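Following the numbering used here, the numbering of the sequence shown begins with 582 at its first residue and continues without gaps.
Here's the structure we're looking at; comments come further down.
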Amino acid sequence: MVTTILRYCSVNIAKWDRYHDRCVFLSRRRYVPTKECPKPSGIFQNPKNCTTFYLCTDGVHHLQECPGGLHYDKKRVRCNFPKVAKCKERRPKIKRKPKPPVTEKPKPKQSKFCPKMDGIFSNEANCSTFYFCVDGTAYLQECPQGLVFDENNMKCDHPKVVGCNREFLHTQIA
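Okay, here's the thing in structure tokens:
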């Protein structure tokens with residue numbers, strides 16, 4: 582004699598699935614295909630990120646991540662090595678702002694005391710001073726008391742070594 586056991590689920594919420602021997606909840610909404618879930622149930626590739634995929638259940642997607650740098654393999658429906666999976670991410674096109682036009686910097690005016698835009702140059706009017714030029718602007722510098730500027734060695738030294746006429750030493754700097 583065969584006994585039949587009747588199983589019941591909550592009315593209008595679920596129905597009994599004899600095959601799986603459990604209650605299956607009824608969906609109250611109609612399934613609408615989405616990018617994530619083109620079918621109500623299944624596993625689907627995430628086109629924006631190769632390391633993730635969507636697990637869809639009754640049209641609801643759940644983002645899943647492949648472990649340890651693996652990529653989702655759409656062909657084999659599992660996570661796999663990137664070379665085997667051959668997944669190509671579709672990145673959204675980003676509209677780039679046009680680069681502003683390149684404007685040339687105005688050239689600084691070169692001082693009459695600077696033969697070149699940058700460098701150290703002697704002062705023809707006074708042996709104890711020299712010009713330190715940066716971007717064509719001259720900055721007058723003074724050697725310590727009793728020394729004169731040596732243009733060949735680019736330093737202040739004794740007048741006998743440099744050979745500067747003493748009458749130019751430490752005249753008033755204007």
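Every residue, glycine too, gets a C-beta built ideally from N, C-alpha and C.
It should be emphasised that the depicted structure is a prediction, and the values quoted were computed from it without experimental measurement.
Report buried or exposed for residue i, applying the criterion of at least 16 other Cβ atoms within 10 angstroms of its Cβ.
{"i": "residue 654", "result": "buried"}
{"i": "residue 652", "result": "buried"}
{"i": "residue 615", "result": "exposed"}
{"i": "residue 684", "result": "exposed"}
{"i": "residue 627", "result": "buried"}
{"i": "residue 662", "result": "exposed"}
{"i": "residue 743", "result": "buried"}
Nearest to residue i by CA position, among the options, is which residue?
{"i": "residue 714", "options": "693, 639 and 705", "result": "693"}
{"i": "residue 637", "options": "732, 720, 617 and 647", "result": "617"}
{"i": "residue 621", "options": "643, 691, 669 and 631", "result": "643"}
{"i": "residue 639", "options": "725, 632, 603 and 619", "result": "619"}
{"i": "residue 717", "options": "745, 650 and 698", "result": "698"}
{"i": "residue 641", "options": "624, 681, 629 and 665", "result": "624"}
{"i": "residue 631", "options": "660, 709, 691 and 682", "result": "660"}
{"i": "residue 668", "options": "677, 678 and 657", "result": "657"}
Which residues in the same chain as residue i place their Cβ atom closer than 6 Å to its Cβ, once the five residues preceding and following it in sequence are excluded?
{"i": "residue 722", "result": "711 and 713"}
{"i": "residue 700", "result": "714"}
{"i": "residue 752", "result": "Its pLDDT being 46, under 50, residue 752 is placed unreliably in this model, and the value from its coordinates should be taken loosely. Once the five neighbours on either side are set aside, the close Cβ partners of residue 752 are 707."}
{"i": "residue 633", "result": "627, 644 and 646"}
Give me, in chain order, the residues of the same chain whose beta-carbon lies closer than 7 Å to that of residue i; leave out the 5 immediate sequence neighbours on both sides.
{"i": "residue 732", "result": "703"}
{"i": "residue 739", "result": "728"}
{"i": "residue 747", "result": "The predicted position of residue 747 is uncertain, since its pLDDT is 48 and thus under 50; a value taken from the coordinates is nonetheless stated next. So the list reads 740, once near-sequence residues are dropped."}
{"i": "residue 725", "result": "737"}
Please report the Cβ distance between residue i and residue j, rounded to the nearest whole angstrom; I am assuming they are in contact, meaning their Cβ atoms lie under 8 Å.
{"i": "residue 719", "j": "residue 737", "result": "The Cβ separation is near 17 Å, so there is no contact."}
Can you give me the Cβ contacts of residue i inside the same chain, cut-off strictly under 8 Å, excluding the 5 residues immediately before and after it?
{"i": "residue 612", "result": "621, 639 and 640"}
{"i": "residue 670", "result": "628, 629, 630 and 631"}
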